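J.:
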Amino acid sequence: MAKDAHKIVDYHWRVAYGEKLQDDIRRLQEENEYLKKLLWNSQNSWLEKQRAAQLVKEEATEMAVETQMEEGCGPPEAKSFQVMDKHQIALVELIQGRMESIGVLMTCSMHSYIEEELAKRFNLFKLCNYSSLSAFAQAHADSVRALVCNTEVGVDANTIDSFPKLEIVATYSVGFDNIDIKKCREKGIPVTNTPNVLTDCVADLAIALALALLCRISHIHRSLSYGLRKYSDFQFTTKLSGKAVGIVGLGRIGSGIAKRALGFGCPVSYHSRSEKPETGYKYYHNILDLAANSEILVVACALTEETRHIVNRQVIDALGPKGIVINIGRGPHIDEPELVSALIEGRLAGAGLDVFENEPDVPQQLLGLENVVLTPHVGSDTVETCMAMADLVIANLEACFLGKPLLTPVI
Ligand SMILES: O=CC(=O)O
């Protein structure tokens, strides 16, 4: 009987305290528009968000103290949480910096900033610390509520099925070609990516590769260390300004490249799934026609079954021996053995590549060529962009656990 009486009192405490917290949360939501905006606006830096969160947290603590004083004593917070829904709990946990009970699994090692920021907020697991997915899942399957992946290690159906409590897949990339979207859709698991924040950097790299290739920057740089100095020691280079640029895929990044190319006085045309008359650029329904009318062909589309090997031997031949190819999309967009033979045989003038068909491998034959400039899939790897991408991944995770609209959902 005494035990039951205790249960009833405890229940009332929980309801009262839980309601009070719910009121407090409602008040925070209604009154702290400014702080809320700071917390939720993806444009704000984490520093600003942390300051806002600190203020909210101080206020929440004050309210909790007041509640305790008013009511003599309070039951443990954990109990009061039982009367709130999971989004309210997540909000309180966020405010109190306690999302760390939520398990987040990173599919591979990533930039230190995202790892540190995730670890500050969540219970972070890294798959690379375990011998296999199944070894990890055996120990932690029920803890994982979010998967964070990237272009290196995506998320397949088996990974998705390994975590029964999975609520979101967030990729630290704009591309999501290595996530089993069909499976996520079937299971109702949302997927987010990091568009917009990386557009400038990737578009910059496309132009940088074209400039480096045409101006032969790396070749001339290397020659200096062999003692070649004089003007006559070098072959003439080629001009970028005014060259006809053909873009495959006029999405965000393709449009960023077009804008930059215009700055160099280059006429821009494009091929994509549909025409975008509002851009004013010339549209080619067929990639062969685009290549035949371009001097620089830039690949910037998403990888799908339709765009795999979109740049094949025919396209390379249509571009011709004076043409160059730039690829900042995905390696499999280009038939790589065909590209290599065209470069060796002089059927193509050059290639600037940030992506390769079997990453992280770079074909040995490419490494030996002078008419290429190669970078190892680093398009978005600037300090500024990596931080912005990480912030966006985290903002999406927090939105998911707080039941708010995702910032950049793919599905
Ligand atoms: O390749 C990089 C990305 O998809 O973000």
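Those letters in the sequence shown? Residues 1 to 411, per UniProt numbering, in order.
Note that beta-carbon positions come from the ideal geometry of N, C-alpha and C, so glycine has one too.
Just so we're clear, the structure is a prediction, and the values are computed from it rather than from any experiment.
Using only CA atoms, which one of Val268, Val378, Arg145 lies nearest to Glu398?
T.: Here residue 398 refers to the residue found at position 398 of the sequence shown. With distances taken between Cα atoms, Glu398 lies closest to Arg145.
J.: Please classify Arg273: is it buried, with 16 or more other beta-carbons within 10 angstroms of its beta-carbon, or exposed?
T.: For the purposes of this step, residue 273 is taken as the residue at position 273 of the sequence shown. Exposed, since its Cβ has fewer than 16 Cβ neighbours within 10 Å.
J.: Under the assumption that Ala261 contacts Val245 (Cβ atoms under 8 Å), give the Cβ distance between them as a whole number of angstroms.
T.: Counted from its first residue, the sequence shown places residue 261 at position 261. Counted from its first residue, the sequence shown places residue 245 at position 245. Yes, they are in contact, since the Cβ atoms of Ala261 and Val245 sit about 4 Å apart, within 8 Å.
J.: Taking 8 Å as the threshold (C-beta atoms), are Ser143 and Gly103 in contact?
T.: Sequence index remark: in the sequence shown, residue 103 carries index 103 (1-based). Sequence index remark: in the sequence shown, residue 143 carries index 143 (1-based). Yes; because the gap between Cβ atoms is below 8 Å, this pair is in contact.
J.: Enumerate in chain order the residues of its own chain whose CB-to-CB distance from Ala390 is below 6 Å, with the five nearest sequence positions on each side excluded.
T.: The residue given as residue 390 occupies position 390 in the sequence shown. Cβ within range, chain order: Tyr113, Ile114, Glu117.
J.: Roughly how many angstroms lie between the CA atoms of Val410 and Phe176, to the nearest whole one?
T.: Taking the first residue of the sequence shown as position 1, residue 410 is located at position 410. Taking the first residue of the sequence shown as position 1, residue 176 is located at position 176. Distance between the alpha carbons of Val410 and Phe176: 8 Å.
J.: Roughly how many whole angstroms lie between the Cα atoms of Ala203 and Arg252?
T.: Your numbering for residue 203 matches position 203 in the sequence shown. Your numbering for residue 252 matches position 252 in the sequence shown. Approximately 9 Å between the Cα atoms of the pair.
J.: With a threshold of 16 other CB atoms inside 10 Å of the CB of Leu240, please say whether the residue is buried or exposed.
T.: By 1-based counting over the sequence shown, the position of residue 240 is 240. Leu240 is buried by the Cβ-count criterion.
J.: Ends of the beta strand (DSSP E) at Lys126?
T.: Position 126 of the sequence shown holds residue 126. First-last of the beta strand (DSSP E) with Lys126: 123–126.
J.: Pick helix, strand or coil for Thr194, following the three-state DSSP scheme.
T.: As a working note, residue 194 is residue 194 in the sequence shown. Residue state, collapsed to three classes: coil.
J.: Smallest Cα separation from Lys276: which of Leu297, Ala292, Gly254?
T.: Position 276 of the sequence shown, counted from the first residue, corresponds to residue 276. The shortest Cα separation from Lys276 among Leu297, Ala292, Gly254 belongs to Gly254.
J.: I'd like the span of the alpha helix (DSSP H) that includes Ala137, first residue to last.
T.: Reading the sequence shown from its first residue, position 137 is the one you call residue 137. 133–140 is the span of the alpha helix (DSSP H), which, as asked, contains Ala137.
J.: Can you give the Cα-Cα distance for Glu305 and Ile181, rounded to whole angstroms?
T.: One-based indexing of the sequence shown puts residue 305 at position 305. One-based indexing of the sequence shown puts residue 181 at position 181. In a straight line, the C-alpha of Glu305 is about 14 Å away from that of Ile181.
J.: List the endpoints of the continuous beta strand (DSSP E) containing Thr171.
T.: Sequence index remark: in the sequence shown, residue 171 carries index 171 (1-based). Where Thr171 is concerned, the enclosing beta strand (DSSP E) stretches over 168–171.
J.: Could you say if the stretch 155–174 and the stretch 134–143 meet the contact criterion of at least three C-beta pairs nearer than 8 Å?
T.: Segments in contact, yes.
J.: Taking Ala292 and Ala318 to be in contact with their CB atoms under 8 Å, please state how far apart those CB atoms are, rounded to whole angstroms.
T.: As a position in the sequence shown, residue 292 is number 292, starting the count at 1. As a position in the sequence shown, residue 318 is number 318, starting the count at 1. Going by Cβ atoms, the distance from Ala292 to Ala318 rounds to 4 Å, so yes, they are a contact pair.
J.: Assuming Val311 contacts Ile334 (C-beta within less than 8 Å), just tell me the rounded distance between them.
T.: One-based indexing of the sequence shown puts residue 311 at position 311. One-based indexing of the sequence shown puts residue 334 at position 334. Going by Cβ atoms, the distance from Val311 to Ile334 rounds to 4 Å, so yes, they are a contact pair.
J.: Does ligand 1 have a heavy atom nearer than 7 Å to the CB of Thr408?
T.: Residue numbering aside, residue 408 sits at position 408 when the sequence shown is read from its first letter. Flag unset: Cβ of Thr408 not near ligand 1.
J.: In the DSSP assignment, find the alpha helix (DSSP H) that holds Arg145 and state where it starts and stops.
T.: Locating residue 145 in the sequence shown gives position 145, where the first residue counts as 1. Element bounds for Arg145: not the alpha helix (DSSP H) but the beta strand (DSSP E), 144–149.
J.: Helix, strand or coil for Asn293? Go by DSSP, reduced to three states.
T.: Start at 1 with the first residue of the sequence shown, and residue 293 comes out as number 293. Coil.
J.: Based on the DSSP secondary-structure assignment, which residues constitute the bridge partners of Asn327?
T.: As a first step, residue 327 must be located in the sequence shown, where it is residue number 327. Partner(s): Val299, Leu353.
J.: Judging by CA-CA distance, which residue of Ile179, Leu402, Ala388 is the nearest neighbour of Ala157?
T.: As a working note, residue 157 is residue 157 in the sequence shown. Residue Ile179 is the option with its Cα nearest to Ala157.
J.: What residues are listed by DSSP as bridge partners for Lys282?
T.: For the purposes of this step, residue 282 is taken as residue 282 along the sequence shown, with counting starting at 1. In the DSSP output, where bridge partners are listed per residue, Lys282 has Ser269.
J.: Can you list, in chain order, the residues of its chain whose CB lies under 7 Å from that of Val268, leaving out five sequence neighbours each side?
T.: Stepping through the sequence shown from its first residue, residue 268 is reached at position 268. Cβ neighbours of Val268 beyond the five flanking positions: Val245, Ile247, Ala258, Ala261, Leu262, Tyr281.
J.: What does the Cβ neighbour count give for Tyr172, buried or exposed, with the cut at 16 atoms within 10 Å?
T.: For the purposes of this step, residue 172 is taken as the residue at position 172 of the sequence shown. Under this definition Tyr172 is a buried residue.
J.: Please report the straight-line C-alpha distance between Gly320 and Leu339, rounded to a whole angstrom.
T.: Translated into positions along the sequence shown, residue 320 becomes position 320. Translated into positions along the sequence shown, residue 339 becomes position 339. Whole-angstrom Cα-Cα distance: 12 Å.
J.: Could you tell me the boundaries of the beta strand (DSSP E) in which Gly254 lies?
T.: Numbered from 1 along the sequence shown, position 254 holds the residue referred to as residue 254. First-last for Gly254: 252–263, but that is the alpha helix (DSSP H), not the beta strand (DSSP E).
J.: Quick one: measure Cβ to Cβ for Leu406 and Thr159, integer angstroms, because I've assumed they're closer than 8 Å.
T.: Residue mapping note: residue 406 aligns to position 406 of the sequence shown, counting from 1. Residue mapping note: residue 159 aligns to position 159 of the sequence shown, counting from 1. With 8 Å as the limit, Leu406 and Thr159 do not qualify as a contact, their Cβ atoms being about 20 Å apart.
J.: Quick check: what's the CA-CA separation for Ala210 versus Thr375?
T.: Residue mapping note: residue 210 aligns to position 210 of the sequence shown, counting from 1. Residue mapping note: residue 375 aligns to position 375 of the sequence shown, counting from 1. Those two C-alpha atoms are separated by around 12 Å.
J.: Leu369 lies in the beta strand (DSSP E); which residues open and close that run?
T.: Numbered from 1 along the sequence shown, position 369 holds the residue referred to as residue 369. Note, Leu369: premise wrong, no beta strand (DSSP E); not H, not E.
J.: Please name the residue in Val315, Lys322, Tyr270 whose C-alpha comes closest to that of Thr237.
T.: Indexing the sequence shown from 1 puts residue 237 at position 237. If we check each option's Cα against that of Thr237, Lys322 comes out closest.
J.: Just grab the DSSP bridge partners of Ile189 for me.
T.: Looking up residue 189 in the sequence shown gives position 189. Answer by DSSP bridge pairing: none, since Ile189 is not bridged.
J.: Once the 5 residues before and after Cys215 are set aside, which same chain residues still bring their CB inside 8 Å of it?
T.: Translated into positions along the sequence shown, residue 215 becomes position 215. Once the five neighbours on either side are set aside, the close Cβ partners of Cys215 are Thr237, Thr238, Leu240.
J.: Name the residue from Ser109, Arg222, Ile344 whose alpha carbon lies nearest to the alpha carbon of Gly154.
T.: Sequence index remark: in the sequence shown, residue 154 carries index 154 (1-based). For the residues Ser109, Arg222, Ile344, the minimum Cα distance to Gly154 belongs to Ser109.
J.: Taking buried to mean at least 16 other C-beta atoms within 10 Å of its own C-beta, is residue 434 buried or exposed?
T.: This structure cannot settle anything about residue 434, because the visible part of the chain is limited to 1 through 411.
J.: Measure the C-alpha to C-alpha separation of Gln314 and Glu359 and round it to an integer number of angstroms.
T.: Against the sequence shown, residue 314 aligns to sequence position 314. Against the sequence shown, residue 359 aligns to sequence position 359. Using only the alpha carbons, I get a separation of about 24 Å.
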